[in-house]
Amino acid sequence: MNDDTNDDDIQFYDQKWQKPPPDPYENFLIQFDEWSEISNEYNYKINYHETYFTFVISRGDESRLKVQILLDDDYISTPQSFVFRIQLLPPNPNYNTIHEKRIDFTPFKKADCICFDILQKEINEENGFVVNNQVQFSVRIKPYFEPIHPFPIRQESDPFGNNNYNDNPFLNDNHFCNFSSQSSLDMNSFDFPSRFSSQDSQNSFPKDVIEISKPSPYAGLKNQGATCYMNSLLQALFHLPAFRRLVFEMNHNIDKPDDENIPLNLKILFAQMQLFKQPASTANLTKSFGWTDKNTFMQHDIQEFCRVLLGNLEDKMKESDLDYGIKYIFKGVYRTFTKGIHKKFVKYVENVFYDLSLQVKDCSDIYEAFDKYVEKEILSGKNQYQSEEFGLQDAEMGLEFMEFPRVLYLHLKRFEIDPILNRSIKINSSFQFYNQINLSKYLAKDADPTLSAEYELFGVLVHSGSSLSGHYYAFLRPTVEEQWFEFNDSSVYTVDSKTAIENNFGGENHYNNNDLNKDSNKDINTETNQGEKAKSFNEYSYSEKTYSAYMLIYVKKYEKEKLFKEVENDLISEDIKEKIHQISDVSDSLTFLLYSKETTIIPNSQYGKLIFNFSTEDGQTLRIKKNLTHKELYHEVASLYNEDVNSIELWQFTSDGLLEKLPNNYSSLSQYIKGFCLFVFIDDNSKTNSQNSFGLSSSSAQSSSDISLSNLFLIKRELPIFAFIYCPFTCPPLHYLFSKRVEKNSNIQKYFENEIKIIFQIRFDVEINVYIKTQKLEKIENYSKTFHEFEGNSIFVIEFTKLSTWDKVDFPQNNFQFKQNEKVINFLDNMSLVEYNAKTYYDFSTDFILLKVNSFTQTKKVRIPGLIHFHEFRQFLTTVFQEGNDFIIFKKNSKKPMKCENNDLMCTLVQPFEQEYSIVFINNQYFTDDGQIAFDKIIRMEIEFFYDQFNIQSNEELFDEDLTISNIIKRFQNNFENNSKIRVLQIENGKICKILEDECKIGDVDGSLRIEKIPDDQIDELHFIKIQFSKDINKKSFLMNYENMKISELKSKIMHLMEISPENFVLLKFKYFNDSNKEIHVQNDDVFIDDFDDLFSEVLIEGKYQQSSHKYSDNSLHLYN
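Per full-length UniProt numbering, the sequence shown starts with residue 1, numbered consecutively.
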């Protein structure tokens, strides 16, 4: 960024703006010494500009590595978002060791986790992650703010002819931020997605964002939750003018309501994107898809959405003049062939395609992927082809293209199913593509020679993340010019071709470890020199990029001028413009939620929450134009409540309490970006039919006709308050007392002492503590404080200093019925609260953890405060389960119990995102001689007793980890009839791994155990095949004897054991693997398994079929209208 940037270019920023430094990240190094000695978890705290994060890392488990991140702030008044980039050092080419995630912290979510693809047990010396018994992580942190374009939408003429279109969503004060100071870390060291590319290492804040002197000419799209995939594709389709013209010409006058009319809402969206430059909302379009909020928070594949959307639109264009419209742009044709090698025969089958899926794995570039796509396969030997004329014959199968489309969409297959892990993994290897390609050599010899196959690149759609989660964004050329733009949801930026193309090949990032360690040492609070220890790692390291191209958009070179012909505004029909005007009218208004009843807060207080309830059942909605004044707002509200305008006060409030009174003057409402909640205070004496139920009485309250200037001045000196009393003997302990207006200069302590005496008819002096609700509940220690000093905070809680005072007064009675949640057992409702004061109770109520706790016989949901100690939690669960006095607790899927000390806080033991735990009540055999629980020796195993496919029992058992498999067989022999021979199998991810040997120790076994009777035909035989099933099939894996068996006979036996019909069986797909997990391609089922040179040992069965006792949850993408 040039230092002499013209100030005129940034004059639209207010005084809060500061030019951002190059690197918004701050860098830290976490090092764990004595890694092998860490039994379960290791905590590490980082101070990031007075914001403290605790990183919790587990080791030794069979699950994937998880880094849990906890925000240590006691209270978060507003959501805070950060981006964390964590890398396990040093990088290993066999593992994806770098992960990035944005985490949004709120008052109700103070923790989250980042999951790696690597298993915890794989962090070892053999893989290079443990050096000198040390493990290091690089942590990079930056604040996250909604991205804004650095230039406002300047006032310009409305495309409809109006000149008042000047709404600028970018000039919101909440968007301005000061990034952390620049680090000395070498910026070439890291994996920068999108515009933060390594090429800008000296000025990593994108130059174009600062130096462009005009706004982006294109509109972004707002993300509804997880709709980045949709936004990226819609931008790609919109910026193909031929497709946009097709949409504008579609008939939208169909027999559907507007909110179910896909062509109408797609037209409106495209028209907004063409006419305006602000980020557009896709909410109406997704509603027309038939989607709910749940659908917009589900991530889908961008290629899947492309196929579904184009198919839906093509169906709607049938039997119209546009019937061939989609085909004209996207249609290509290929044909498959089977040719005889020794006999002359050939069979052709033509297929139409709208996109192609290219292999990335083991391919270096796009041409190699096309070579793989058309690669011929020889069918010979036992895989001969069954021809109609000559019977079994040697043949070659292949594919050739007859016609390439005008616009070629290429899907890069960066995800595949790992048959061992039985889950999807992402392929991050390098895959090169080019600005221009020529595919002529892939055309069939008899294809039309006049059809061109030369293409230019116009789009790169990127996926950043892993197979489990990620983000899509797009790089596009909206015109035939060479200028590229990045479309990242709401944000649009100019970028160079290197950022759009070369930076998205995937592959490796290289960095210097010495620079990383040198920069990070200053942030490590340890006595030893971390830089010296880091020298044991390689000086230079690399890691795979987690972002790369996922779809490519190529346009035929000699068709681009026609396809990119400009779309004129005249093509947008008048009724579409009118509907956009209607949408614009809504955006020019403010919507206020009005409340006038204490029912908005009292029900919440029953659960220890002193917050207002934004329930529309108790409030009214008022929509008003932004160009009106506060005085007109007062008149509108007074008319709505049928009250005199002089008898009401409007107070802005949030869930935490009142903020400030709105003035009753001629100042404009345009100062507000959006509406908010208002409390309507109505003078009790103004009318007999007053709707207000607060009882806001005060000595100054008068009828509206008697209000003088002096009385109005008195009202301005008053504040509204809400008062509660805390009684630990009742359930619930918080009770609503009153809401009144009080004089600002009144002494708080004396005021409430007097009010308490009146309410409870106390004739003696009382001692009370008064708490005020600010960001949390705070005790007012200074008895001389007045209400004026806490203006803006309206909620107070009173408690008697001495509990014995309650012996002399009546317990308070609630007018609201308290309903306990029968499905959740609350700690605060079931334990004595006498030892807790009001502040402790409130803290317990606001910082709680919801857990699902399983014993061997019961499952219960419990709600516990995070600030109680483990001995209190143990007492609580003992009362709830009533199964014993001592238990050990396990995390979900963990084999080893948690080590818990009596004084451990539950918030340090249990994390909000780990919500399921198991407890096992134990007897004396699990204690050591000194009375301590033998945590190190106890292991929990899931045992599956497999009698047949339809008779399976599962239990969880505790064992001594030194127990052998032979001991297990003896222990459970009686579970099987007639002393049958049994064996024990190791099961992982639902699949059989191996038969366990008798001397194997149970502590050395990963996964779970299956104990089963050995079938008669397998007792003396060792010719076993593992029959495994994908997750779509609700069947258990099993072993089969394959001696003297053909593949067809194997399939027939499997069908019999699965007990499914032949009609369903043919829907299944069979894959064959050898001991090295290499897939073996089988073309002919009429072959003996023993005859294969490369003998397969595992059969994976995939697919879906109708199962009467099993319902599938369909999460695939649909457009329902």
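Glycine included, each C-beta is placed from N, C-alpha and C at the ideal position.
{"Asked": "Residue range of the unbroken alpha helix (DSSP H) whose run includes residue 473", "Found": "Counting along the chain, residue 473 falls outside any alpha helix (DSSP H), though it belongs to the beta strand (DSSP E) covering 470-476."}
{"Asked": "Whole-angstrom distance between residue 354 and residue 263, CA atom to CA atom", "Found": "20 Å"}
{"Asked": "Residue 116 versus residue 87: straight-line alpha-carbon distance, rounded", "Found": "10 Å"}
{"Asked": "CB-CB length for residue 269 against residue 285, believed under 8 Å", "Found": "5 Å"}
{"Asked": "Delimiting residues of the beta strand (DSSP E) encompassing residue 558", "Found": "No beta strand (DSSP E) holds residue 558; DSSP gives it neither H nor E."}
{"Asked": "Length-filtered (4 minimum) alpha helix (DSSP H) runs lying within the region 793-864", "Found": "827-830 and 838-846"}
{"Asked": "CB contact check: residue 552 to chain D, cutoff 8 Å", "Found": "Structure shown: chain D not included; a single protein chain is present."}
{"Asked": "The alpha helix (DSSP H) enclosing residue 355, as first and last residue numbers", "Found": "First-last for residue 355: 355-359, but that is the beta strand (DSSP E), not the alpha helix (DSSP H)."}
{"Asked": "CB-CB length for residue 447 against residue 401, believed under 8 Å", "Found": "7 Å"}
{"Asked": "With 16 other Cβ atoms within 10 Å as the buried cut-off, status of residue 708", "Found": "At residue 708 the pLDDT is 34, less than 50, meaning the model places this residue with poor confidence and gives no usable figure here."}
{"Asked": "The alpha helix (DSSP H) enclosing residue 1059, as first and last residue numbers", "Found": "Per DSSP, residue 1059 belongs to no alpha helix (DSSP H) and is neither H nor E."}
{"Asked": "Where residue 272 falls, given that 16 or more other Cβ within 10 Å makes a residue buried", "Found": "buried"}
{"Asked": "Simplified DSSP state of residue 645, which is helix, strand or coil", "Found": "helix"}
{"Asked": "Contacts around residue 65, its chain only, beta-carbon distance under 6 Å, and the 5 residues preceding and following it disregarded", "Found": "116, 118 and 120"}
{"Asked": "Proximity test, residue 562 beta-carbon vs the ligand MG heavy atom, cut-off 7 Å", "Found": "This structure does not include the ligand MG; it has no bound ligands of any sort."}
{"Asked": "Whole runs of the beta strand (DSSP E) within the region 962-1035, excluding any shorter than 3 residues", "Found": "982-988, 991-995, 1008-1013 and 1024-1029"}
{"Asked": "Beta-carbon separation (whole angstroms), residue 622 vs residue 634, contact threshold 8 Å", "Found": "That pair is no contact at about 11 Å."}
{"Asked": "Residue 879, DSSP secondary structure in three states", "Found": "helix"}
{"Asked": "Short Cβ contact (8 Å threshold) for residue 278 with residue 242", "Found": "no"}
{"Asked": "Paired residues, beta bridge with residue 102 - DSSP", "Found": "83"}
{"Asked": "Where the beta strand (DSSP E) containing residue 721 begins and where it ends", "Found": "718-726"}
{"Asked": "N-terminal and C-terminal residue of the beta strand (DSSP E) that residue 143 is part of", "Found": "135-143"}
{"Asked": "Contact check, residue 1123 vs residue 668, beta carbons under 8 Å", "Found": "Given that the chain is displayed from residue 1 to residue 1121, the structure contains no residue 1123 and the question cannot be resolved."}
{"Asked": "Assigned secondary structure, residue 292 (DSSP; H/G/I helix, E/B strand, else coil)", "Found": "coil"}
{"Asked": "Proximity below 8 Å, CB of residue 335 to CB of residue 352", "Found": "no"}
{"Asked": "Buried versus exposed call for residue 846 [16 or more other C-beta atoms within 10 Å across all chains shown]", "Found": "buried"}
{"Asked": "Buried/exposed call for residue 741, threshold 16 Cβ in 10 Å", "Found": "buried"}
{"Asked": "Length of the line joining the Cα atoms of residue 1024 and residue 123", "Found": "33 Å"}
{"Asked": "Of the residues 1074, 1101, 1044 and 1050, the one placed nearest residue 1067, counting alpha carbons only", "Found": "1101"}
{"Asked": "CB contact flag (residue 553, residue 458, <8 Å)", "Found": "yes"}
{"Asked": "Through-space distance from residue 388 to residue 344, alpha-carbon basis", "Found": "12 Å"}
{"Asked": "Stretch-stretch touch, CB-based, cutoff 8 Å, three pairs: the region 318-329 with the region 372-389", "Found": "no"}
{"Asked": "Supposed close pair residue 843, residue 869 - CB separation, criterion 8 Å", "Found": "That pair is no contact at about 14 Å."}
{"Asked": "Meets three-Cβ-pair contact criterion under 8 Å: the region 85-104 and the region 123-133", "Found": "yes"}
{"Asked": "Identified DSSP bridge partners for residue 619", "Found": "595"}
{"Asked": "CB contact flag (residue 135, residue 46, <8 Å)", "Found": "no"}
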